[in-house]
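*Asks:* Have a look at this one.
Chains as they are written, first to last, in our numbering: chain A, 1 to 113; chain B, 1 to 113.
This is the structure we're talking about:
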């Protein structure tokens with residue numbers, strides 16, 4: 001599975017837009033990019049997944065450039081409750097055998113008032 | 001619909017003792033996973049099961065065994081616990097489709113003294 005690199009930590013204030021960039025230079029043709037969020041003492045929670053261009057849901061947007069060697073998770077107008085660790089994962093789906101997601105250390109986002 | 005459940009929530013073992021961590025999901029998912037998370041670290045994959053009757057090693061399988069008892073249940077066994085296995089253990093499941101959305105349980109906090 002492709003290795004990902006993301007900042008260890010980021011700080012923001014309430015109401016700001018936060019962009020967390022993840023680099024995955026060795027991404028394979030059929031790899032998808034997935035982001036998870038984890039609060040203290042809880043299991044990770046799926047945020048968004050994409051393959052190329054832009055994906056948006058009710059929580060976040062995911063921007064993927066044409067070369068797919070990086071991706072950016074965008075959180076609009078963050079609040080204190082968005083303080084969490086955010087993981088970027090790249091994994092390929094292998095139809096029969098399935099595949100397993102490998103988590104890195106993630107980015108710790110701290111939102112202040 | 002309880003999602004992914006794990007038992008116990010907390011456990012303290014002495015070095016050399018054995019125990020089994022239980023995980024069950026009621027979402028009819030094919031794939032199930034066991035991760036461990038050490039303080040300040042990301043999740044590391046221990047074992048996974050792409051479907052009932054199959055299991056595969058992840059990043060850190062040494063010292064663990066797993067059983068996919070049926071489609072719902074996936075257990076993790078520590079045969080001879082060591083202090084290095086002190087961690088929070090998360091179980092997760094995922095349906096067999098093109099999504100990387102994994103559902104995580106609440107975790108088991110294990111301390112080995």
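For glycine and all other residues, C-beta sits at the position ideal for the given N, C-alpha and C.
Contact criterion: CB-CB distance below 9 angstroms. Does residue 109 (chain A) meet it with respect to chain B?
*Replies:* Translated into the one-based positions of the first chain, residue 109 (chain A) becomes position 109. So, not an interface residue.
*Asks:* Which residue comes first and which comes last in the beta strand (DSSP E) that contains residue 39 (chain A)?
*Replies:* Working through the first chain from its first residue, we reach residue 39 (chain A) at position 39. Here residue 39 (chain A) belongs to no beta strand (DSSP E), and DSSP marks it neither H nor E.
*Asks:* With distances taken from CA atoms, which of A:49, A:35, A:9 and A:22 is nearest residue 99 (chain B)?
*Replies:* Here residue 99 (chain B) corresponds to residue number 99 of the second chain, with the count starting at 1. Checking every option, the nearest Cα to that of residue 99 (chain B) belongs to A:49.
*Asks:* Determine whether the beta carbon atoms of residue 38 (chain A) and residue 66 (chain A) lie at a separation below 9 angstroms.
*Replies:* Mapped onto the first chain, residue 38 (chain A) falls at position 38. Mapped onto the first chain, residue 66 (chain A) falls at position 66. In this structure, residue 66 (chain A) does not lie closer than 9 angstroms to residue 38 (chain A) by Cβ.
*Asks:* Output yes if chain B places a C-beta closer than 9 angstroms to the C-beta of residue 97 (chain A); else output no.
*Replies:* Residue 97 (chain A) sits at position 97 when you count from the first residue of the first chain. Per-residue confidence for residue 97 (chain A) stands at a pLDDT of 48, beneath the threshold of 50, marking its modelled position as unreliable; the derived number appears in the next sentence. Yes - at least one Cβ of chain B is within 9 angstroms of the one on residue 97 (chain A).
*Asks:* Short of 6 angstroms in beta carbon distance, which residues of its chain neighbour residue 77 (chain A), apart from the five on each side in sequence? Order them along the chain.
*Replies:* Stepping through the first chain from its first residue, residue 77 (chain A) is reached at position 77. Closer than 6 angstroms at the Cβ level, and outside the excluded window around residue 77 (chain A), lie 15.
*Asks:* In its own chain, which residues sit with a C-beta less than 7 angstroms from the C-beta of residue 37 (chain B), not counting the 5 before and 5 after it?
*Replies:* Translated into positions along the second chain, residue 37 (chain B) becomes position 37. Within the same chain, residue 37 (chain B) has close Cβ partners 43, 87, 88 and 90.
*Asks:* Given this structure, state the Cα-to-Cα distance separating residue 96 (chain A) from residue 33 (chain A), to the nearest angstrom.
*Replies:* Locating residue 96 (chain A) in the first chain gives position 96, counting from the first residue. Locating residue 33 (chain A) in the first chain gives position 33, counting from the first residue. Bear in mind that a pLDDT of 44 at residue 96 (chain A), under 50, signals an unreliable position, so the number given afterwards is only what the model happens to contain. Rounded to the nearest angstrom, the two C-alpha atoms are 20 angstroms apart.
*Asks:* Please state the DSSP three-state secondary structure of residue 112 (chain A).
*Replies:* On the first chain, position 112 is the one that residue 112 (chain A) refers to. Strand, per DSSP.
*Asks:* Quick check on the burial criterion: 16 or more other C-beta atoms within 10 angstroms. Buried or exposed for residue 60 (chain A)?
*Replies:* Position 60 of the first chain, counting from 1, holds the residue named residue 60 (chain A). Under this definition residue 60 (chain A) is a buried residue.
*Asks:* Do residue 49 (chain B) and residue 63 (chain B) have their C-beta atoms within less than 9 angstroms of each other?
*Replies:* Locating residue 49 (chain B) in the second chain gives position 49, counting from the first residue. Locating residue 63 (chain B) in the second chain gives position 63, counting from the first residue. No, they are not a contact pair.
*Asks:* Is it buried or exposed for residue 77 (chain B), if we count other Cβ within 10 angstroms and need 16 for buried?
*Replies:* Here residue 77 (chain B) refers to the residue found at position 77 of the second chain. Exposed, by the Cβ-count rule.
*Asks:* For chain A, check one thing: does any of its Cβ atoms lie closer than 9 angstroms to the Cβ of residue 102 (chain B)?
*Replies:* Here residue 102 (chain B) corresponds to residue number 102 of the second chain, with the count starting at 1. Closer than 9 angstroms to some Cβ of chain A, the Cβ of residue 102 (chain B) qualifies, so yes.
*Asks:* At what residue ranges does the region 41-108 of chain B contain a whole run of the beta strand (DSSP E), taking only runs of 3 or more?
*Replies:* Those beta strand (DSSP E) runs which fall completely within the region 41-108 of chain B and span 3+ residues are 43-49, 64-68, 74-78 and 87-94.
*Asks:* If residue 112 (chain B) sits next to residue 21 (chain B), beta carbons under 8 angstroms apart, how far is it from one beta carbon to the other, in whole angstroms?
*Replies:* Walking along the second chain from the start, residue 112 (chain B) turns up at place 112. Walking along the second chain from the start, residue 21 (chain B) turns up at place 21. That belief does not hold up - the Cβ atoms of residue 112 (chain B) and residue 21 (chain B) are roughly 13 angstroms apart, past 8 angstroms.
*Asks:* In angstroms, rounded to a whole number, what distance separates the CA positions of residue 51 (chain A) and residue 64 (chain A)?
*Replies:* As a working note, residue 51 (chain A) is residue 51 in the first chain. As a working note, residue 64 (chain A) is residue 64 in the first chain. If you take the alpha carbons of residue 51 (chain A) and residue 64 (chain A), they lie about 7 angstroms apart.
*Asks:* Give me the chain A residues within the contact set of residue 42 (chain B), using Cβ-Cβ distance strictly less than 7 angstroms, ordered along the chain.
*Replies:* Within the second chain, numbered from 1, the residue matching residue 42 (chain B) stands at position 42. Neighbours of residue 42 (chain B) on chain A, chain order: 87, 103, 104, 105 and 106.
*Asks:* Shortest alpha-carbon distance to residue 113 (chain A) belongs to which of A:62, A:12, A:19 and A:53?
*Replies:* Position 113 of the first chain holds residue 113 (chain A). Among A:62, A:12, A:19 and A:53, the Cα nearest to that of residue 113 (chain A) is on A:12.
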